[in-house]
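These notes concern the structure reproduced below.
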Amino acid sequence: MKIIETVRDAHAYVARSRSRRVLVPTMGALHRGHLELIRIAREAAGADGEVAVSIFVNPLQFEPGADYERYPRPQNVDEELCAEAGVDLLFRPFPNEMYSDDRSVAVVESSLAKVLEGESRPGHFDGVCTVVTKLFHLLAPHAAVFGEKDFQQLAIIRRMVRDLNFAIDIIAAPTVREPDGLACSSRNQYLSDDERRQAPILRAALIEAAQSGERSAEALVRHVRERIEAAPAARIDYVALVDSETLEPRDAVEPKSLLALAVFFGKTRLIDNIILP
Ligand code: AMP
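Following numbering that gives the first Met the number 0, the numbering of the sequence shown begins with 0 at its first residue and continues without gaps.
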């Protein structure tokens, strides 16, 4: 596995390479969700192609006061996991490689990024779009894999690729979960034992709502809220029914409706979602 830590080396590598490359952008602290993205990337790259993983804790996508400093950075374990998973290229830039102190250009998506996560985390998706654009330029992938756990991010990246004409296929990967239904996340390790025991309620509430047969947004959202409010450690940020492509609010279930939520357990903010039948 080739490891690259500077922009200069990335440019040199890409200039020499002729392979079909599939990129998996991450912030590290790799878990089974990331490994599934890597597996999907391998399938998409084919035997002769290459799988590139980027690990970069992107300061731009953390709001002030969020967990940027304490975000886990298990560099050696991540490197081993990538090597074991058959990754060909690990791009792990030093933080000062990616941003100049006087940087003044960003990529902003101005519609889908306004709602849900964007409302709770101002500037978050500007940081995501900017870093993903940089990674696309630096590593010149033919395709890139993103997880459906971050459904809004996936929708925004698709919009960005469409509107800015990136010749890159965006591949969606289904959410990988713990046996009790909690979506795998690097942030799960912040949860206390008690919070961890309560957190699977998010998935349970979404499934129950989906199976309840309710069609109105109001009833679905109420159902999910009531279930989650029964968990003493949970504090709901939002529960919403939206269109899964435009992320516009829906009054009732229509084809491709998405029920999405964000909930705090203590200081840890977890997200999950379900596409309704
Ligand atoms: P992160 O390192 O959290 O920024 O995530 C990197 C990529 O992995 C993103 O495309 C996420 O959507 C995806 N991802 C994170 N957790 C999961 C999961 N449990 N299942 C599937 N994909 C995931």
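Where a beta carbon is used, it is the ideal one built from N, C-alpha and C, also for glycine.
Bear in mind that the values here come from a model prediction, so they are computed numbers and not experimental data.
Distance from the Cα of residue 242 is smallest, within the candidate group 231, 257 and 234, for 257. What you get when you keep residues with a C-beta closer than 5 Å to any heavy atom of ligand 1 is 25, 26, 32, 145, 146, 148, 149, 174, 175, 182 and 183. Taking all protein chains shown into account, residue 99 has fewer than 16 neighbouring C-beta atoms within 10 Å of its C-beta and is therefore exposed. Residue 31 carries a helical assignment under DSSP once its states are collapsed to helix, strand and coil.
Residue environment analysis places residue 133 among the buried positions, since at least 16 neighbouring C-beta atoms fall within 10 angstroms of its C-beta.
DSSP, reduced to helix, strand and coil, places residue 132 within a helical segment of the structure shown.
In the three-state scheme derived from DSSP, where H, G and I count as helix and E and B as strand, residue 272 is classed as strand.
In the DSSP assignment, residue 3 falls within the unbroken beta strand (DSSP E) covering 1-3. Shown here, residue 237 sits in a strand according to DSSP, grouped into three states. Put simply, the region 208-226 does not touch the region 180-190. Fewer than three CB pairs are less than 8 Å apart.
For a cut-off of 8 Å, the C-beta gap from residue 90 to residue 272 is around 28 Å, too long to register as a contact.
Of all C-beta pairs linking the region 112-119 to the region 10-22, fewer than three are shorter than 8 Å, placing the two stretches out of contact. Residue 256 is bridged by DSSP to 242. Cβ-Cβ distances below 8 Å link residue 145 to 24, 36, 152, 153, 156, 169, 170, 171 and 172 in the same chain, with the five nearest sequence neighbours on each side left out; the list follows chain order.
Residue 75 is classed as exposed because its beta carbon has fewer than 16 other beta carbons within 10 Å across all chains shown.
If you draw a 10 Å sphere on the C-beta of residue 85, you find fewer than 16 other C-beta atoms in it, and that means exposed. The alpha-carbon separation between residue 214 and residue 28 amounts to approximately 38 Å.
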